[in-house]
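Sequential numbering of the sequence shown, starting at 12, is according to the numbering used here.
Each residue gets a CB set at the ideal place from its N, CA and C atoms; glycine is no exception.
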Amino acid sequence: MSESRKGNGMRYARSVVIWASLAVTIVALVVYVVMVFARQGNPVWNRALLAYCGVFWVFFAFDEVGRRTAILGEQKRALAPAPRPRPQPNSFMPLPGADGSLLGQRFSESAGGTLGELPPEVGLQRIQREMLQDAQAMVDDCLTEVLALSGTVPRPGPSGHVPGFDVEAWLGDDHVFPFLITSGGVTAGVAALEQNESSYELKLLYVKQGLRRQRIGQRAFTKLEEFSRLLGIRQAITAHVSSLNMRGQRFYRSVGMALAQERALDVEARDVASELAPEHQVELQKDILRDS
Numbered sequence: 012m013s014e015s016r017k018g019n020g021m022r023y024a025r026s027v028v029i030w031a032s033l034a035v036t037i038v039a040l041v042v043y044v045v046m047v048f049a050r051q052g053n054p055v056w057n058r059a060l061l062a063y064c065g066v067f068w069v070f071f072a073f074d075e076v077g078r079r080t081a082i083l084g085e086q087k088r089a090l091a092p093a094p095r096p097r098p099q100p101n102s103f104m105p106l107p108g109a110d111g112s113l114l115g116q117r118f119s120e121s122a123g124g125t126l127g128e129l130p131p132e133v134g135l136q137r138i139q140r141e142m143l144q145d146a147q148a149m150v151d152d153c154l155t156e157v158l159a160l161s162g163t164v165p166r167p168g169p170s171g172h173v174p175g176f177d178v179e180a181w182l183g184d185d186h187v188f189p190f191l192i193t194s195g196g197v198t199a200g201v202a203a204l205e206q207n208e209s210s211y212e213l214k215l216l217y218v219k220q221g222l223r224r225q226r227i228g229q230r231a232f233t234k235l236e237e238f239s240r241l242l243g244i245r246q247a248i249t250a251h252v253s254s255l256n257m258r259g260q261r262f263y264r265s266v267g268m269a270l271a272q273e274r275a276l277d278v279e280a281r282d283v284a285s286e287l288a289p290e291h292q293v294e295l296q297k298d299i300l301r302d303s
């Protein structure tokens with residue numbers, strides 16, 4: 012909470028300095044123009060203001076260029092595929108276990124060996140009323156974790172939950188399909204798919220922290236793809252994430268999604284669907300008809 016307040020305070024202070032400097036710049040220029048037309052010398056105090064404004068806007072331009080360059084660098088690094096070692100015969104192959112540990116077994120192609128213990132089965136279970144409390148808790152955890160990347164906190168609506176991410180409202184919406192993600196019979200996370208005019212939007216896909224790095228999210232996404240194809244009609248699955256959420260972007264690319272578009276959001280016109288991407292929004296898409 013203290014880190015979020017610190018980040019908000021820094022952004023507020025930066026905005027105050029920028030607007031104050033803009034006001035000083037306008038006043039100094041107006042005074043300078045008036046003095047020129049009046050054929051009088053520019054006062055010393057106004058020269059000092061103009062000098063300050065010139066220095067400030069030069070440094071502001073460098074700062075803005077640096078910030079944009081940093082954002083582009085992060086996005087390029089996210090696009091780069093992670094190196095994958097090529098398996099060799101008779102090598103030690105680590106496999107994820109149900110408790111998140113690594114299980115290894117000697118595997119020999121010439122001996123016709125097996126890969127050892129398979130990971131637990133991952134499934135999707137439609138959320139019912141009796142599951143509402145647990146599902147909403149995981150949705151709230153997801154929002155808190157993602158919004159923390161931009162130094163903000165969830166803003167609950169009248170229902171006590173973030174608008175657009177109220178599980179009880181999802182249950183009453185025929186266009187939203189909420190699921191619990193299960194792994195080996197244990198609840199591992201939550202996901203929600205929304206039917207739009209031309210696509211299915213993945214509102215969120217969240218796996219509990221203690222169960223990550225077991226490819227549960229990837230296998231749950233595959234199940235969502237299968238469900239989408241059964242529904243038919245729509246051509247693609249889309250997802251929207253903040254440009255600051257590099258982990259989310261890497262996950263969606265790992266399941267075959269590609270960048271569809273990137274845009275800065277107008278804060279005044281931002282809608283509920285943009286809650287998870289408060290500053291710059293990245294849209295990723297996967298064609299489920301072509302890949303079927």
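Any chance the stretch 187-203 sits against the stretch 126-146, with 3 or more Cβ pairs inside 8 Å?
Because the criterion of three Cβ pairs below 8 Å is met, the stretch 187-203 and the stretch 126-146 touch.
With H, G and I counted as helix, E and B as strand and the rest as coil, what does DSSP make of R25?
Mapped onto the sequence shown, residue 25 falls at position 14. Helix at R25.
Helix or strand or just coil, what does DSSP make of R223?
Locating residue 223 in the sequence shown gives position 212, counting from the first residue. Reduced to three states, the DSSP call for R223 is coil.
Any idea which residues DSSP pairs F190 with across the strands?
Within the sequence shown, numbered from 1, the residue matching residue 190 stands at position 179. R137, A202.
Could you round the C-beta distance between A250 and Y263 to whole angstroms and report it? I think they count as a contact, below 8 Å.
Here residue 250 refers to the residue found at position 239 of the sequence shown. Here residue 263 refers to the residue found at position 252 of the sequence shown. That pair is a contact at about 5 Å.
Flag this pair as touching only if the stretch 167-187 and the stretch 227-236 have three or more C-beta atom pairs under 8 Å; answer yes or no.
Verdict: no, contact absent.
What do you reckon, are the CB atoms on L270 and E294 nearer than 9 Å?
Translated into the one-based positions of the sequence shown, residue 270 becomes position 259. Translated into the one-based positions of the sequence shown, residue 294 becomes position 283. A contact, by the Cβ cut-off of 9 Å.
Could you check whether K297 and M268 sit closer than 9 Å to each other, using their CB atoms as the reference points?
For this step, residue 268 is matched to residue 257 along the sequence shown. For this step, residue 297 is matched to residue 286 along the sequence shown. Result yes, Cβ atoms of M268 and K297 sit closer than 9 Å.
Can you list, in chain order, the residues of its chain with a C-beta nearer than 7 Å to that of V28? Leave out the 5 residues immediately preceding and following it.
Here residue 28 is taken as the residue at index 17 of the sequence shown, counted from 1. Excluding positions up to five away in sequence, the list is empty.
Have a look at R140 and E205 and give me their C-alpha separation to the nearest angstrom.
Reading the sequence shown from its first residue, position 129 is the one you call residue 140. Reading the sequence shown from its first residue, position 194 is the one you call residue 205. Spanning the two alpha carbons is a distance of roughly 19 Å.
With DSSP as the reference, label G123 as helix, strand or coil.
Taking the first residue of the sequence shown as 1, we reach residue 123 at position 112. For G123, the predicted structure reports a pLDDT of 40, less than 50, and the residue's modelled location is therefore unreliable. The matter cannot be settled from this model.
May I have the straight-line CA-CA distance separating Q220 from L241, to the nearest angstrom?
In the sequence shown, the residue the question calls residue 220 occupies position 209. In the sequence shown, the residue the question calls residue 241 occupies position 230. So the two alpha carbons sit approximately 30 Å from each other.
Rounded to whole angstroms, what's the CA-CA distance from L182 to Q147? Just pull it up for me.
The residue labelled residue 182 in the question sits at position 171 within the sequence shown. The residue labelled residue 147 in the question sits at position 136 within the sequence shown. Looking at the two C-alpha atoms, the distance is approximately 12 Å.
Sort V252, Q136, S161, L143 by Cα distance to E212 and report the nearest one.
The residue given as residue 212 occupies position 201 in the sequence shown. Comparing Cα positions, the closest option is V252.
Are the Cβ atoms of L222 and A203 separated by less than 9 Å?
Taking the sequence shown and counting its residues from 1, the one referred to as residue 222 is at position 211. Taking the sequence shown and counting its residues from 1, the one referred to as residue 203 is at position 192. No, the pair does not count as a contact, with Cβ atoms beyond the cut-off.
Cutting at 7 Å between CB atoms, please list the residues of its own chain near V178, excluding the five before and the five after it.
By one-based count along the sequence shown, residue 178 stands at place 167. Counting only Cβ-Cβ distances below 7 Å, and skipping sequence neighbours, we find I138, L143, A146, Q147, V150, P189.
Determine the closest residue to R261 out of D184, A159, K87, with distance taken between C-alpha atoms.
The sequence position of residue 261 within the sequence shown is 250, counting from 1. For the residues D184, A159, K87, the minimum Cα distance to R261 belongs to K87.
I think L61 touches A31, with their Cβ atoms under 8 Å apart; what is that distance to the nearest whole Å?
By 1-based counting over the sequence shown, the position of residue 61 is 50. By 1-based counting over the sequence shown, the position of residue 31 is 20. 15 Å between Cβ atoms; not a contact.
For F67, which residues from the same chain have a beta carbon less than 7 Å from its beta carbon, with the 5 sequence-adjacent residues on both sides left out?
Sequence index remark: in the sequence shown, residue 67 carries index 56 (1-based). Excluding residues within five positions, the ones whose Cβ falls inside 7 Å are S32.
Look at the Cβ atom of L158, then the Cβ atom of P167, and state whether they are nearer than 9 Å.
Here residue 158 corresponds to residue number 147 of the sequence shown, with the count starting at 1. Here residue 167 corresponds to residue number 156 of the sequence shown, with the count starting at 1. In this structure, P167 does not lie closer than 9 Å to L158 by Cβ.
Runs of 3 residues minimum, wholly inside the stretch 32-67: which ones carry the beta strand (DSSP E) assignment?
Complete beta strand (DSSP E) runs here, min 3: none at all.
Over the uninterrupted beta strand (DSSP E) stretch that includes T163, give me the two end residues.
Counted from its first residue, the sequence shown places residue 163 at position 152. It is not in any beta strand (DSSP E) - T163 carries neither H nor E in the DSSP assignment.
In the structure shown, what three-state DSSP assignment does Q147 receive?
For the purposes of this step, residue 147 is taken as the residue at position 136 of the sequence shown. Helix.
In the DSSP assignment, what residue or residues form a beta bridge with T249?
In the sequence shown, counting from the first residue as 1, residue 249 sits at position 238. E212, Q296.
In three-state terms, what does DSSP make of V69?
Along the sequence shown, one-based indexing puts residue 69 at 58. Correct three-state label for V69: helix.
Could you check the C-alpha separation between D74 and I82 for me, to the nearest Å?
Locating residue 74 in the sequence shown gives position 63, where the first residue counts as 1. Locating residue 82 in the sequence shown gives position 71, where the first residue counts as 1. Computed Cα separation, rounded: 13 Å.
Please classify A199 as buried or exposed, where buried requires at least 16 neighbouring CB atoms within 10 angstroms.
Taking the sequence shown and counting its residues from 1, one reaches residue 199 at position 188. Its Cβ being crowded by 16 or more others within 10 Å, A199 is buried.
Output the boundary residues of the alpha helix (DSSP H) element that contains G259.
Looking up residue 259 in the sequence shown gives position 248. Run containing G259: 257-265, per the alpha helix (DSSP H) assignment.
Rank Y63, F48, M21, V187 by C-alpha distance to the C-alpha of S210 and give the top, closest one.
As a working note, residue 210 is residue 199 in the sequence shown. Considering only alpha carbons, the answer is V187.
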